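Engineer:
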Amino acid sequence: MYMKAMYFDYRSLAEEIMLTNDPSTIKKLGNADTMRQRQANGAEVKCRDFDHDKWRKVKRNVMLTGLRAKFEQNVLLFNMLIETENALLIEASQTDLFWGIGCSLTGEEIKSIDNWRGSNQMGNLLMKLRTEFQYRCRANEFSIKKEEYEDDCF
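Encoded structure:
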């Protein structure tokens, strides 16, 4: 959400997002994409309205960059991702049809990909990163401290 705000030069909103620890508040602030919504959330209102088309073009790359940094900086998370081997990874969100599958983790519809309403972009990006990290482990081209993950690489 911070990068979304920065992409559109909403600096005070980005700062507010960084000062907030509550994920639901961060999401609410980051999704406030009209002047009225920003004003209702107490965010910056002297900025142009959010452009959905521009954001759609860059949001996957923004997320991939953020995910890569997250996993490269946290050995525990890196190892957890690598240990999924070749499993299908999903974002089990009932409400997010872009990043998630549009189904809950406990519902019957999760059992068949044909029943998923969402595109699972988060899962797809995580699997892409996992493949990249597996390759980089094999090639010993990883940038975090080798001694911390060397035994977990293939």
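Going by the numbering used here, the sequence shown opens with residue 4, and the numbers climb by one from there.
The C-beta atom is built at its ideal place from N, Cα and C for all residues, glycine as well.
Being a predicted model, the structure only gives us computed values, none of them experimental.
1) Apart from the five residues just before and just after N123, which ones in its own chain have a Cβ nearer than 7 angstroms to its Cβ?
2) Three-state secondary structure (DSSP) at F53?
3) Using 8 angstroms for Cβ pairs, my map puts L16 next to T23. What's the rounded Cβ distance?
4) If you draw a straight line from the alpha carbon of D12 to that of L67, how long is it in whole angstroms?
5) I'd like to check one pair, G69 with L100: are the Cβ atoms closer than 7 angstroms?
6) Using CA atoms only, rank isn't needed, just tell me which of F53, T134, M4 and K30 is closest to F160.
7) Alpha carbons only, please: which of M9, R71 and L108 is nearest the one belonging to Q137?
8) With A8 as the anchor, note down where its alpha helix (DSSP H) starts and where it stops.
9) How is the alpha helix (DSSP H) around S96 delimited, first residue to last?
10) Would you identify the three-state DSSP class for C106, choosing helix, strand or coil?
11) Considering only C-alpha positions, which residue in the set I85, R63 and W58 is nearest to R141?
12) Nearest to S96 by CA position, among T28, R14, N89 and L108, is which residue?
13) Can you give the Cα-Cα distance for R59 and N82, rounded to whole angstroms?
14) When we look at the beta-carbon of A8 and count the other beta-carbons within 10 Å, is it buried (16 or more) or exposed?
15) Would you kindly work out how many angstroms separate the C-alpha atoms of E111 and T98, rounded to a whole number?
16) Identify which residue in S27, N127, E19 and K62 has its Cα closest to the Cα of Y10.
Structural biologist: The relevant details are as follows:
1) Looking up residue 123 in the sequence shown gives position 120. I93, E94, G103 and I104, listed in sequence order.
2) On the sequence shown, residue 53 is found 50 positions in, with the first residue counted as 1. In the structure shown, F53 sits in coil (DSSP, three-state: anything other than H, G, I, E or B).
3) Against the sequence shown, residue 16 aligns to sequence position 13. Against the sequence shown, residue 23 aligns to sequence position 20. The pair is not a contact, with the Cβ atoms about 11 angstroms apart (cut-off 8 angstroms).
4) Residue 12 sits at position 9 when you count from the first residue of the sequence shown. Residue 67 sits at position 64 when you count from the first residue of the sequence shown. Straight-line spacing of the CA atoms in D12 and L67 works out to 20 angstroms.
5) Within the sequence shown, numbered from 1, the residue matching residue 100 stands at position 97. Within the sequence shown, numbered from 1, the residue matching residue 69 stands at position 66. Taking 7 angstroms as the Cβ cut-off, L100 and G69 do not qualify as a contacting pair.
6) This structure cannot settle anything about residue 160, because the visible part of the chain is limited to 4 through 157.
7) Position 134 of the sequence shown holds residue 137. Closest by alpha carbon: R71.
8) For this step, residue 8 is matched to residue 5 along the sequence shown. Residues Y5 to Y10.
9) Numbered from its first residue, the sequence shown carries residue 96 at position 93. If you look at S96, you'll find it isn't in any alpha helix (DSSP H); DSSP assigns it neither H nor E.
10) Within the sequence shown, residue 106 is the residue found at index 103, counting from 1. Reduced to three states, the DSSP call for C106 is coil.
11) In the sequence shown, residue 141 corresponds to position 138, counting from 1. Comparing Cα positions, the closest option is I85.
12) As a working note, residue 96 is residue 93 in the sequence shown. Nearest Cα to S96 within the set T28, R14, N89 and L108: L108.
13) Counting from one through the sequence shown, the residue named residue 59 turns up at place 56. Counting from one through the sequence shown, the residue named residue 82 turns up at place 79. Roughly 30 angstroms between the two C-alpha positions.
14) Working through the sequence shown from its first residue, we reach residue 8 at position 5. Buried, since its Cβ has 16 or more Cβ neighbours within 10 Å.
15) Counted from its first residue, the sequence shown places residue 111 at position 108. Counted from its first residue, the sequence shown places residue 98 at position 95. Roughly 16 angstroms separates the two Cα atoms.
16) Stepping through the sequence shown from its first residue, residue 10 is reached at position 7. Comparing Cα positions, the closest option is K62.
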